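Undergrad: Input: one structure, supplied below.
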Amino acid sequence: VKYLAQANRLAAGDLCTTVMKYRAGHNESRFSALSVRYCQRARAILAREGFEVTGPLPVATFGFSAFSPGGEGGAPAQAKGVCVRRVFVPGPRYMKCAEYRSAGQARQIRTLRGRLFGG
């Protein structure tokens, strides 16, 4: 929560800049395509909860290769595979994928985890 609060202070309360600094790091000042998508999602969540969201959506200046072409809501590129391990250390990488595997390997890992941990 401290990291998010500091990002909000650095962004002077601007929602999209706060989300970008939280995701990409406090020293980042440019919006990537992923940061713009995070901002869109944050705005949609707040609007759904009844909060008024104003202001223009930022324009991405880099990071377009992370998304497949085709459509406004293009999905992330599938070349990485399936996420099998995430980072749970607080900070800009929190909940980001730490390890990708093929779909077949991910199924095997899920099966083994189920056997080991009863899930």
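Going by the working numbering, the first residue of the sequence shown is number 15, and it counts up by one from there.
In this text, a Cβ means the ideal position worked out from N, Cα and C, and glycines have one as well.
Here the structure is a predicted model, which is why all the values come from computation and not from measurement.
1) Leaving out the 5 sequence neighbours to the left and right, which residues in its chain are closer than 6 Å to V33 when beta-carbon positions are compared?
2) Closer than 7 Å, CB to CB, is A26 near chain C or not?
3) Give me, in chain order, the residues of the same chain whose beta-carbon lies closer than 8 Å to that of M109; leave out the 5 immediate sequence neighbours on both sides.
4) Rounded to a whole number of angstroms, what is the C-alpha to C-alpha distance between Y29 and L18?
5) Could you give the DSSP three-state label for R55: helix, strand or coil?
6) DSSP beta-bridge partners for V96?
7) If we count the other Cβ atoms within 10 Å of its Cβ and call it buried at 16 or more, is R37 buried or exposed?
8) Closer than 8 Å by C-beta to I123: which residues in its own chain qualify, once you throw out the five before and the five after it? Chain order, please.
TA: With the structure as the only source:
1) Along the sequence shown, read from residue 1 onward, the residue named residue 33 stands at position 19. These residues qualify, in order along the chain: Y52, C53, A56.
2) You won't find chain C in this structure, because it holds only one protein chain.
3) Counting from one through the sequence shown, the residue named residue 109 turns up at place 95. Answer for M109: R100, V101, F102, listed in chain order.
4) For the purposes of this step, residue 29 is identified with residue 15 of the sequence shown, where counting begins at 1. For the purposes of this step, residue 18 is identified with residue 4 of the sequence shown, where counting begins at 1. According to the sequence as given, residue 29 is Leu; it is not Tyr. When rounded, the distance between both Cα atoms is 11 Å.
5) As a working note, residue 55 is residue 41 in the sequence shown. In this structure, R55 counts as helix in the three-state DSSP scheme.
6) Taking the sequence shown and counting its residues from 1, one reaches residue 96 at position 82. According to DSSP, which records beta bridges pairwise, V96 is partnered with R115.
7) Taking the sequence shown and counting its residues from 1, the one referred to as residue 37 is at position 23. By the neighbour-count rule (16 or more Cβ atoms within 10 Å), R37 is buried.
8) Here residue 123 refers to the residue found at position 109 of the sequence shown. Only V98, R115 meet the Cβ criterion.
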